[in-house]
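A quick write-up on the structure given underneath.
Number of protein chains: 4
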Amino acid sequence: MNPVGHNTNAHAELVKEGIDRINWVDRHSPVLNGLVRTAMRDGSLEGVKIAVVVHLEAKTAFLASILADAGADVIAAGSNPLTTNGSVVEALRDRGMIVVSEPDGNHESWEKELLAAADLEPEYIIDDGAELTMRIGMHRPEIFKKLKGVSEETTTGTARLYAMEAAGLLPFPALTANDARCKHLFDNRYGTGQTTVQAVLRLTNRKMAGAKVAIIGYGYVGRGIAEYAKKLGAQVFVAETDPVRALEAHFDGMFVGKSTDIVRDASIVITATGGMRALGRPEFEVLKHDAVLANAGHHDLEVDVDTLAEMAANVIENRAQISTYELGKRAIHVLSGGALVNIAGGSGHPVEIMDLTFAVQGLGAHHLVNTDLKPGVHVLPKHVDDQIAAAKLSSMGIHLEPPRPEQEDDFKDWLTGIQST
Amino acid sequence: MNPVGHNTNAHAELVKEGIDRINWVDRHSPVLNGLVRTAMRDGSLEGVKIAVVVHLEAKTAFLASILADAGADVIAAGSNPLTTNGSVVEALRDRGMIVVSEPDGNHESWEKELLAAADLEPEYIIDDGAELTMRIGMHRPEIFKKLKGVSEETTTGTARLYAMEAAGLLPFPALTANDARCKHLFDNRYGTGQTTVQAVLRLTNRKMAGAKVAIIGYGYVGRGIAEYAKKLGAQVFVAETDPVRALEAHFDGMFVGKSTDIVRDASIVITATGGMRALGRPEFEVLKHDAVLANAGHHDLEVDVDTLAEMAANVIENRAQISTYELGKRAIHVLSGGALVNIAGGSGHPVEIMDLTFAVQGLGAHHLVNTDLKPGVHVLPKHVDDQIAAAKLSSMGIHLEPPRPEQEDDFKDWLTGIQST
Amino acid sequence: MNPVGHNTNAHAELVKEGIDRINWVDRHSPVLNGLVRTAMRDGSLEGVKIAVVVHLEAKTAFLASILADAGADVIAAGSNPLTTNGSVVEALRDRGMIVVSEPDGNHESWEKELLAAADLEPEYIIDDGAELTMRIGMHRPEIFKKLKGVSEETTTGTARLYAMEAAGLLPFPALTANDARCKHLFDNRYGTGQTTVQAVLRLTNRKMAGAKVAIIGYGYVGRGIAEYAKKLGAQVFVAETDPVRALEAHFDGMFVGKSTDIVRDASIVITATGGMRALGRPEFEVLKHDAVLANAGHHDLEVDVDTLAEMAANVIENRAQISTYELGKRAIHVLSGGALVNIAGGSGHPVEIMDLTFAVQGLGAHHLVNTDLKPGVHVLPKHVDDQIAAAKLSSMGIHLEPPRPEQEDDFKDWLTGIQST
Amino acid sequence: MNPVGHNTNAHAELVKEGIDRINWVDRHSPVLNGLVRTAMRDGSLEGVKIAVVVHLEAKTAFLASILADAGADVIAAGSNPLTTNGSVVEALRDRGMIVVSEPDGNHESWEKELLAAADLEPEYIIDDGAELTMRIGMHRPEIFKKLKGVSEETTTGTARLYAMEAAGLLPFPALTANDARCKHLFDNRYGTGQTTVQAVLRLTNRKMAGAKVAIIGYGYVGRGIAEYAKKLGAQVFVAETDPVRALEAHFDGMFVGKSTDIVRDASIVITATGGMRALGRPEFEVLKHDAVLANAGHHDLEVDVDTLAEMAANVIENRAQISTYELGKRAIHVLSGGALVNIAGGSGHPVEIMDLTFAVQGLGAHHLVNTDLKPGVHVLPKHVDDQIAAAKLSSMGIHLEPPRPEQEDDFKDWLTGIQST
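Pasting the structure below:
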C-alpha cells in the first residue's frame, strides 16, 4: 500500500527501535555478558539448533542474540500471540535470525507459528509453558522423538513436564529452569510482582492505596503480586487451594477466603494460578460494578473471557487494552484481553531480573548440550545456580567470604564419626 | 499533507479517544460528581470566566467540563509544554471550550499559549505553579489588577504567592489548594509517590528491589516517592536542607546526606524540591555510569539539563523519553527531558486522587466567587475540607460517627470556666 | 519492718539500679548532653523552682538531673500512678532531689502526690496532660496566679491548655512542647507506635502477623500504632471521628469504620484518642471472646474499665498485667489496668526519641525562663526546633548543606518586587 | 533459709504462676487442642516414654501436658540453661511429670540435667539442636542403640542429624520437624523475627527507626529478623555465605557484605547462622562504641563471648541482661549472655505460632510411634502438614475449597497419556 521508499524508511526505523531496545537490555545484563558468554565460548553450541520460545520482546531477543553469538542456529518464536514486539522481531531478522512470529497475532496465527517453528526441527527448546514442546509432541511425533532437550521457563510448563514424565511420555531430558533458585526466587516473585502491579496501575490510571485487591493463587507469582500490592497500600484478599500457602497468606496479613467470597468487594482482581479459568461464572456473578480483572499467569484464559462474553450484553473497547463487559447494571473491565498483563500491557520483567532468568536458561541449554542427562525432568545443578548469584553480586561489587574454621560445629568430628567420645 | 477525509476520520478518532479518557475519569470521580456538582448547581458560576491552567490531560479536562457544566466560561491551558494530551484538547474543543494549548510544544510555544490565555482576560484562575498568575502580573499588569481570585495547585506556586503577598504584590485573594488537607495529604504523597516510581520503572524497564535510589527533597512529594521506592525494596538516600525533615527521613529508614554525597552510588536519582536546579554540575560530576535522572517537582529545570548538555560530548535519544548524555566514559540518562516524569512519562496522578484535588479546586473556585475574601493568601475553610473527605468516604460506604458525650474530658466544665472547684 | 542492715543493702541496690538505668539514658542522649546542657550553662536556671511531672522513669529522671545540674530546684512527680519506677525515685532522692511520688500507687495516692508537688510552689512546670497545672488551678488558686510558665508534653494537655486559654483562664504563658515538630513527629508516631505494639506483644506473648487489630483514634499516636501493627503483618481496623484523618487511614490501607463495627472481629483493640472512654459499653457488648484491650492514650480510662467491671461476672488476674473480665461466655483481657501500656507494661519510649522530646522540654523551660512571653499558649520557636534536629543529625555524623544560589526561583526578584518586568 | 510456711506459700504461688502461664497457652492453641489431641486419643502413646527437650517455658510445658494427657511418660528437660522458667517447672512437677531441669543454671549444670534425662532411658525424644540425642550418642551408647525415634525442632539439629546419617551413625528414624512447612515457614520466620526484634528493643529501650542493624546469616531465621527490623525502620546490613541467599537479601533491600565490613557502623548486631562463633575477634575489633550484640541462633556461643571477655579490660552488668565489655574506649553490650535473646530475654515465640510448631512435634512423635520408619532422616508427610494448616485456618473460620474441574489443564488428557492427538 505504501510506496517502497516510505516502507524502507519505516522498516529501518523499526529495526533501529528494536536494536535500541536490545541495547538497553545489553547495558543491564552483567551476568549474561560475563558468566554466560564466557561459558559459551567453549564452542559447544556451534551449529546447534535451538528454538527460543519465550515472550518475544527485547530481553528474549538479547538471549537469542547471545546464543547466536555462540554459534547456535536460533529459531525465535513468541510464547503468546499478544506479547510479540514488532521492532524486536525486525531487529532479530536484520541480524539474520529466523523469527517465525509476527506482532498483533491471535491464537490461530500463533498455532501456525509454533508449527512453523516445529517444522524447522529444533534440537533443543528454551520453552515457556512447554507450548512448543507439547505441540511437537501432539502434532509432530517424529520430531518429538528426536528432541535432545528442553529447558522450561514457567511453573505451568514445569507441571506439564512432570505430568508427562509421570505418564512415561518424556523421551528426552528436560531442565526446569523455573526450579532453579536464581529463577523462581527472583523472577516469579519480584519480577512479576512489581510489573503486574505496575501494568494494572498504568492501564487504569488508578491507585493502590486503600484499594481492595483480590489475588487468585498464592504461589511465588501470586505472593509477589500480593506483597507489592500490599506494600503500595492495598487491602489484599487471597484465594488459594493449598492450605499451607493459604496460611502463609494469612500470616502475611492478607485476607484469605474462597474465590467467590473474596472477589465480591474487590475493585481489582488478579489471577496467578498458572492454571486455567481461575475466574469463571461463579466469580463473574458476584463481582461488583467497575471491577477490573487482570491476569498474571501463563494462560490467556485464566480469566475465562469466553464465558464472560457470553454473560455480557455488550463489550466495549474504551481505553487502550481495557475491554468493558456490560452485565446488567455492572461494568466489568478486563485488561489486555486476559493475556499476561505485565507483558501484553507493559514491558515485561525488569531487565536486571531477566539477566538472572536468562542466565539460568542460557547455562541450562549449555548444560543440556554438554551433559549426558537421562530422559526425565532435571534441575539445574546447585553449583551453577550459585555461580549465577555470585556473578550478579560481583557485578554490584559485592563479594562474599566463606565460613571461618572456628565457625564449624564443635561436635563436627563426633557427628561425622572421626572422633568418638 | 493528508487528504481531507483521512484527516476528518483521524480527528474523530482523536476526539473519541479524548472522550473515552474523560469518561474513564468520570467513572472514578464520586466527589466531583456528587458534592462538587451539587454545590455548583446554585448558579453562581454562570458566565464567570475561569482559566484552568493545569497539566492538560483527562483529569483536568473533567474538572474543566464540570465548571463548564456549571455555566462557567472555561479557558483551558496546559501548565507545562510536555504534558498536554492532544486527544483531550480536541475533546474539550469539540465540547465548545476554548483551549489555548497544543500538544508537543516547547517552552517558547508554551509562553505564547499562556499569554493567549491572559489576553482572554480570565476573572479567576485555577493555576499550577502560579504560572499564569505570574505571567499576567509580569506582562499584562492591567489585567492583573482586575483578577478576582486564584486557586493554586502546588507547593511551588504557593511559595510564589506567599512571596508576592509578603512583598505587597498580591492585589486579589488567592486560595492555596495545596494547603488543604484533602490535597497535600493525598495528592502530593500517595499520588506523586506512586506514579513517579511507576513512570521511572516503566520508562526504564528496571526494578526497584535492591536499587539504590537518591531523592532530592523530602517535602510531601519527596517523602511519598521515597516511601514508595523503599516499599518496593529500594535502598533510599535522601538530601534535604531542612533539618527536621532530614531527621524524619532518617527515622523513616532513609540514608540522609548531602546531595553530592548521596548521588554517588545511586542508579536512580529523583528530584522533588519544587525549586530549581536541584541537580547541577556538582552532582553531575560524581554520578556513576548509567545513572538515571528523573524529576517529580514542578519545574522542568530541577534537573539542570542545560548544564548537563554543556558537559556532555554527545546526547542520544535511545528509547522513548530517555536521553543519554555521554560524559567521558559515563552515560547519564535523563527521563522525559526533565519534565515531571509522572505526567510527561506516565498518565499523571491516579483518578481517585484527583477526585480529591479537583474537588478542592472546584469548591475553592466556588468559594472565591461566593465569598468576599480580602486580598492575600487564604486556605480553604476546614469544614469544606471535611466535607470533601466525608464525601469520599461515603462513596466507599464508610460513614463515621461523632464522639459520644461520655467521651468528653471529665474536666471540661472546669477547663471552660463553666464550673469552678 | 525490715532490719536496718537489710534495708540499707536493699536500698543501696535499688539506688544502684536506678543509677544504672539513668546512666543508660545518659549514654544515648547526645542532644540533651550537648545542645541542652550548653544552653543551660548560662546560669539562667540557677535557683529556679521547676516541677517535672512526667511518667517517672529513667528518661524523665535524666531530664530532672540535667535541670538540677543547671542549678534548678527540681520537684519530681509522676504523671500517672502506675508508671512510677521505684529505683529511679530512690536514685533521684539519693542525688538530693525532691520526689513526691512512690511506686505502686493508685489514683487516690497520686492525687495527694500532685497536691504535695503543688504545695512546694513551683514557678515552672514541665507537665504531662496538664495534670499538675489543672490541679493547682482547681485546688490552689493562689499558687496558680503565681505560676510563671508551663511546658506541656501531650496532645491531651495541649487541648486542655487551649480550652483554658479560650475561656480566659490561662494567666501565664504555656508552651506546647507537643506542637514542636521535634516532639510530635517523632515521639508520638515512632515512639508510641513501636513501644505500644511491643508492650502488647510482650504482655500477651502473641503475634502480630495476621492478627486483626482495631485502633481507636488516628492522630499521630494512633497512626503510629496502626503503622507499626500493619508493618508487623496485622490487619488493621481504624475508628476515627475526623473525616480527613479517617480518609488518611483508608489510604494507608487500614479498614475504616465505626468503633462498634471494627471491634467485633478484633483480637486486639488499642485506644489512642487522648480523650476518655473511647471503649465503653457499646463496644464491650460486641467484643469477641479472648479480645485483648490496651490503652496508648494519656488517660487510664480510655478503656472504661469501671463499666467493664460492672458488666463482668468475675475478674481474674491471670498473668502479669493481664486482667480477665468474664462476660457470660466471653473473656475480655485488659492490659496494665488500662494505663498507658507502653509505660506501665513496658519501658516507655525509646531513649533516643526522648532525647528529642526532652530537648524540647528542656529548651522549652529555658525559653520560658528567659523570654518575656505573654500569657496564653505558645509554640517553641522554629529555630530552636531546627537546632534540636540538627544536633541529633550531627550526633550521627549527618551534616546538611544550605541551598545553592542557583537553586532560588528564577523569578525571585520579580516575586519580591526587586525587579519589575 | 526461709521458714517452711513461707516456702510453701511461695511454692504454691510459683505453681499457680506456672499454671496461669500454661493456661494462657491453652487458650491460644486450637490445633493442639483439636487435631493433635484427637489424633492422640487412639491410645498409641499410652505408656510410651518420651523426653521433651525444648526451651522449658509455658508453650513447651503445654506440649508436655498434652503428651501426658495422652498417656505418655514424659521427661521434660530444657534445651538451654538460661531459658528454663521456674514457675513452669514447678507446675509440671505438680502435675506429676518428671522435670530434670532447674532455672538459673549454667552450662555445667545443664550437661548434668541432660545426662539425667538420658539415664531415664527415653524411647523417643522431641529434641532441640539434637542436644539430648547427641549426648546419648556420646555418653550413653547403649541407650542410644535402643532409641526408637527423634523429632527435631531446629535447623541446627537437622544439620547434625543429616551429618550423622551421612556418616552412618544414625541407627533410628529421625523426623526433622524443622523441614515441615508448618514449622519453618512460620516459626523460624515470623516467630523468631518478631520476638528477637522485640527482645532486643525491650532489653535496650531503644528504637528501630533509623537504626543500623547488622544480621549475620540469612536463612529463614535471619531473613525473618531482617524483615522485621527493616519494617520497623532500620537500615539493615546482612552477611551471608550462600550466594543465592545473599542475592535474596540484596533484592529484599538489605545491604549485603562481609561480616567484618557490615558490623562497622552497626548499632545493633544479631547473629542467626545456627552455627558457632559467627561473631569473633575479627568483628569485635571493628565494632563501634556502644554496639549491642544479640543472638537468635541455637548456640549460646554464636557470639563468641569467651573471646570477647579475653579482649575486654572489664565487664560490667549494668542493666538486666546487659553485659558491657570495655575494650579501650569502646563499650560493647552483649544481651542475655549470648543465649537466644528472644527466649532468655523475652517470652519466646508467640503462642499462636507454637501451636503450629508443636502440632508438628506432637503429630511427629505420634507418626514415629505408629509408623515403621527406616533408620535415617525423614520429613513429616505432606498430608499431615496440610492437615495442620487446614486446622489452623479452620480455627479462624477460614475454609478453603478445592479446584473446580474446568480449572484443570485443557491438555491434561494428552499430558497424562489418556488421549492422543
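Residue numbers (our numbering), protein chains in the order written: chain V, 5 to 425; chain Z, 5 to 425; chain X, 5 to 425; chain U, 5 to 425. Here a beta-carbon is modelled for each residue, glycine too, at the ideal position from N, C-alpha and C.
Under 7 Å between beta-carbons, which chain V residues line up against residue i? List them in chain order, please.
i, result
"U/V240", "Ordered by position in chain V, no residue passes the 7 Å Cβ test against U/V240, which lies about 15 Å from the chain."
"U/L251", "A393, K396, L397"
By Cβ distance below 6 Å, which residues in the same chain neighbour residue i in space, the five residues on each side in sequence not counted?
i, result
"V/V260", "V242, A250, A253, H254"
"X/L397", "none"
"V/S91", "L18, E21, G22"
"V/R334", "H293"
Would you grab the beta carbon distance between residue i and residue j for me? Rounded to a whole angstrom, and I think it's under 8 Å.
i, j, result
"U/P145", "U/G380", "So it is not a contact: roughly 19 Å between Cβ atoms."
"X/H105", "X/L136", "First, the residue type needs correcting, since residue 105 of chain X is Ser and not His in the sequence shown. Going by Cβ atoms, the distance from X/S105 to X/L136 rounds to 11 Å, so no, they are not a contact pair."
"V/A230", "V/M258", "6 Å"
"X/T158", "X/D183", "Their Cβ separation, rounded to whole angstroms, is 11 Å, which puts X/T158 and X/D183 out of contact at 8 Å."
"Z/A181", "Z/V364", "5 Å"
Identify, in the order they occur along the chain, each residue of the same chain with its Cβ nearer than 8 Å to the Cβ of residue i, setting aside the five sequence neighbours on each side.
i, result
"Z/E410", "none"
"U/K149", "P175"
"Z/T12", "none"
For residue i, which of the options has the nearest alpha-carbon?
i, options, result
"U/R452", "V/E306, V/D294, V/K216", "The question about residue 452 of chain U has no answer here: the residues shown for chain U are numbered 5 through 425."
"U/E17", "U/V93, U/A55, U/G141", "U/V93"
"U/D294", "U/D269, U/D265, U/V309", "U/D269"
"Z/V57", "Z/G82, Z/T264, Z/F66, Z/H353", "Z/G82"
"X/H387", "Z/V248, Z/E321, Z/A316", "Z/V248"
"X/T87", "X/T159, X/R281, X/G368, X/W114", "X/W114"
"X/G332", "X/R45, X/A343, X/G226, X/E314", "X/E314"
"U/D304", "U/V338, U/Y329, U/V103, U/N318", "U/V338"
"U/R97", "U/A43, U/L124, U/A65", "U/A65"
Skipping 5 residues on each side, what residues in its chain have a beta carbon closer than 7 Å to that of residue i?
i, result
"V/P7", "The predicted position of V/P7 is uncertain, since its pLDDT is 43 and thus under 50; a value taken from the coordinates is nonetheless stated next. Excluding residues within five positions, none has a Cβ falling inside 7 Å."
"V/G195", "H353, P354, I357"
"U/A300", "T196, T200, V225, I229, I274, T275, A276, L344, V345, N346"
"X/V267", "A218, V273, E287, V290, L291"
Taking Cβ-Cβ distances shorter than 8 Å, what residues in chain X pair up with residue i?
i, result
"U/E356", "R210, K211"
"Z/D389", "V248"
Name, please, each residue of chain U whose Cβ falls closer than 9 Å to the Cβ of residue i.
i, result
"Z/F190", "Within 9 Å Cβ-Cβ: nothing; Z/F190 doesn't reach chain U, min ~23 Å."
"Z/G228", "Under the 9 Å cutoff, chain U gives no residues; its nearest Cβ is about 17 Å from Z/G228."
Kindly list, in the order they appear in chain Z, the residues whose Cβ is closer than 8 Å to that of residue i.
i, result
"X/K262", "H403, L404, E405"
"X/G279", "P407, Q411, E412, D413"
Can you name the residues of chain U whose CB is closer than 7 Å to the CB of residue i?
i, result
"Z/H254", "G214"
For residue i, does the three-state DSSP call read helix, strand or coil?
i, result
"U/T208", "helix"
"X/D183", "helix"
In chain V, what lies closer than 8 Å to residue i by C-beta?
i, result
"Z/Y194", "K211, A213, G237"
Can you pull the chain U residues whose beta carbon is under 8 Å from the beta carbon of residue i, in chain order?
i, result
"X/Q198", "L205, K211, M212, A213, L236"
What does residue i reach in chain X if we use C-beta pairs closer than 7 Å?
i, result
"Z/T420", "A167, A171"
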